[in-house]
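First up is the structure itself, then whatever we jot down about it.
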Amino acid sequence: MIDTTEIIKNRVGILFVTLDSLRYDVARAALYGGRTPRLAEVLPGGVWEERRTPGTFTLPAHIAFFSGFLPKLPQPVQPPRLWECRPPAFKTVDAGTFVFDAPNLLAGLAQHGYRTVCIGGVTYFSRETPLGSVLPAMFHEDHWRPEFCSPDADSTRHQVDHALTIADKYRNRPLFLFVNVSATHVPHGHYVGRSDDSWQSQAAALAYADEHLGRLIHTLTSTRSWLVIMCADHGDAFGEDGYHGRGIAHPTVLNVPFAATLTGPGTTLTGHGPSPRH
Ligand SMILES: [Zn+2]
4 MIDTTEIIKN RVGILFVTLD SLRYDVARAA LYGGRTPRLA EVLPGGVWEE
54 RRTPGTFTLP AHIAFFSGFL PKLPQPVQPP RLWECRPPAF KTVDAGTFVF
104 DAPNLLAGLA QHGYRTVCIG GVTYFSRETP LGSVLPAMFH EDHWRPEFCS
154 PDADSTRHQV DHALTIADKY RNRPLFLFVN VSATHVPHGH YVGRSDDSWQ
204 SQAAALAYAD EHLGRLIHTL TSTRSWLVIM CADHGDAFGE DGYHGRGIAH
254 PTVLNVPFAA TLTGPGTTLT GHGPSPRH
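Just remember that this note's numbering sits 3 ahead of the position in the sequence shown, which is counted from 1.
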């Protein structure tokens, strides 16, 4: 079990990656098909954990994540949360859960000396609109460029290159590095040579992103330990039951892949999951 309280007390770097719109079934099939070998090396037990997201589109999902509510297991009993806002006096919190005494995780980590940096992907992180400024404004600094966004077929390379530059800049202080991977968000038909988007093209987008995500994690953890958390913010419907898109309470949107692991020199490889079903 990951002890986030101890991790933050020891000022360990935290990498939080959201693979935007990535469905659980797509992530699992790509993994089992051998199309994401770099991620397979990092995932605890070599598998994605199936979870249910608290938000059906980018804004509410990330607000929930940064408020302490990560995707939950599809079962009544839940493991301790990784982080949680200070609760009312009557409620007890697991000792391994990092409790932040602030309105959100980013402000809470800042109180513990962390620099919080956002590498944006989809337009909810672009500051192009008032709503697109809500999430980036929660960080000390945020970075977004058009080439970080899904229409660019090499978006993950650009995002990872920039993330590594940031990590090097802050190599001597604790860093919370957030990356919203846009490649798995529509449009991704171009990864299979089509103008429309599908289950197959999202899998191809993930297979493309695998190399760069592997490079990011391998580079960060080659010299020191990091807590690495990866999940989707929500899924995407590609015509199932007549539904298309997100923002709907459909299984294709609610079921998301999740992984959390403490990895790097001097750490015992550990992680959340896969947890037993009850
Ligand atoms: Zn999203």
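C-beta atoms are modelled at their ideal positions from N, C-alpha and C, and glycine is treated no differently.
Exercise. Are there 16 or more other CB atoms within 10 angstroms of the CB of residue 98, so buried, or fewer, so exposed?
Worked result: Looking at its Cβ environment, which holds fewer than 16 other Cβ atoms inside 10 Å, residue 98 is exposed.
For this session: Put residue 77 into one of helix, strand or coil per three-state DSSP.
Result: Residue state, collapsed to three classes: coil.
Problem set entry | Option nearest residue 160 by Cα separation, candidates 212, 261, 264 and 232 | Per the C-alpha coordinates, the member of 212, 261, 264 and 232 positioned closest to residue 160 is 212.
Problem set entry | Distance between beta carbons of residue 181 and residue 19, contact taken as under 8 Å | Rounded, the Cβ-Cβ distance is 5 Å, consistent with contact.
Problem set entry | For residue 217, the nearest candidate out of 266, 94, 62 and 249 (CA to CA) | Looking at the Cα atoms, 266 is the closest of the given residues.
Exercise. Taking the alpha-carbon positions, what's the residue 86 to residue 100 distance?
Worked result: Roughly 5 Å between the two C-alpha positions.
Exercise. Which residues are close to ligand 1, meaning CB closer than 5 Å to any heavy atom, in chain order?
Worked result: So the residues near ligand 1 by this Cβ test are 23, 61 and 236.
Problem set entry | Candidates 15, 232 and 251: closest to residue 118 by CA position | Looking from the CA of residue 118, the closest CA among 15, 232 and 251 belongs to 15.
Exercise. Going by Cα to Cα distance, which pick from 8, 237, 126 and 167 is closest to residue 225?
Worked result: If we check each option's Cα against that of residue 225, 167 comes out closest.
Exercise. Buried or exposed: residue 124, going by 16 or more other Cβ atoms within 10 Å of its Cβ?
Worked result: Buried, because 16 or more other Cβ atoms sit within 10 Å of the Cβ of residue 124.
Problem set entry | Burial state of residue 52, where buried means 16 or more other Cβ atoms lie within 10 Å | By the Cβ-count criterion, residue 52 is buried, with 16 or more other Cβ atoms from all chains shown falling within 10 Å of its own Cβ.
Problem set entry | Cβ pair count under 8 Å reaching 3, the stretch 193 to 210 against the stretch 17 to 34 | Under the three-pair Cβ rule at 8 Å, the stretch 193 to 210 counts as touching the stretch 17 to 34.
For this session: Kindly indicate which three-state DSSP category residue 281 falls into: helix, strand or coil?
Result: The predicted model places residue 281 with a pLDDT of 30, which falls under 50 and marks its position as unreliable; any figure quoted below should be read in that light. Residue state for residue 281 is assigned as coil, using DSSP reduced to three classes.
For this session: Determine the direct distance from the alpha carbon of residue 132 to that of residue 281, and round the result to whole angstroms.
Result: With a pLDDT of only 30 at residue 281, under 50, the local geometry of the prediction cannot be trusted, and the value read off the model is given with reservation. Going by the C-alpha atoms only, they are around 44 Å apart.
Problem set entry | Proximity winner among 189, 109 and 230, relative to residue 155 (alpha-carbon distances) | Here the closest residue by C-alpha is 189.
Problem set entry | Integer-rounded CB distance, given that residue 24 should sit under 8 Å from residue 235 | Here residue 235 really is in contact with residue 24; their C-beta atoms are around 7 Å apart, less than 8 Å.
Exercise. Could you give the distance in angstroms between the alpha-carbon of residue 185 and the alpha-carbon of residue 228?
Worked result: The straight-line gap separating the alpha-carbon atoms of residue 185 and residue 228 is approximately 26 Å.
For this session: Using the Cα positions of residue 43 and residue 22, report the straight-line distance between them to the nearest angstrom.
Result: Each residue's Cα considered, the two are about 15 Å apart.
For this session: Report the residue ranges of all alpha helix (DSSP H) runs contained in full by the stretch 16 to 55; include only those spanning at least 4 residues, in chain order.
Result: If we require 4 residues or more, the alpha helix (DSSP H) runs fully inside the stretch 16 to 55 come out as 27 to 35 and 40 to 45.
Problem set entry | From 178, 121 and 179, residue whose alpha carbon lies closest to that of residue 151 | For the residues 178, 121 and 179, the minimum Cα distance to residue 151 belongs to 121.
Problem set entry | Residue range of the unbroken beta strand (DSSP E) whose run includes residue 230 | Its beta strand (DSSP E) spans residues 229 to 234.
Problem set entry | Residue from 142, 192 and 243 whose Cα sits closest to the Cα of residue 106 | Comparing Cα-Cα distances from residue 106 to each of 142, 192 and 243, the minimum goes to 142.
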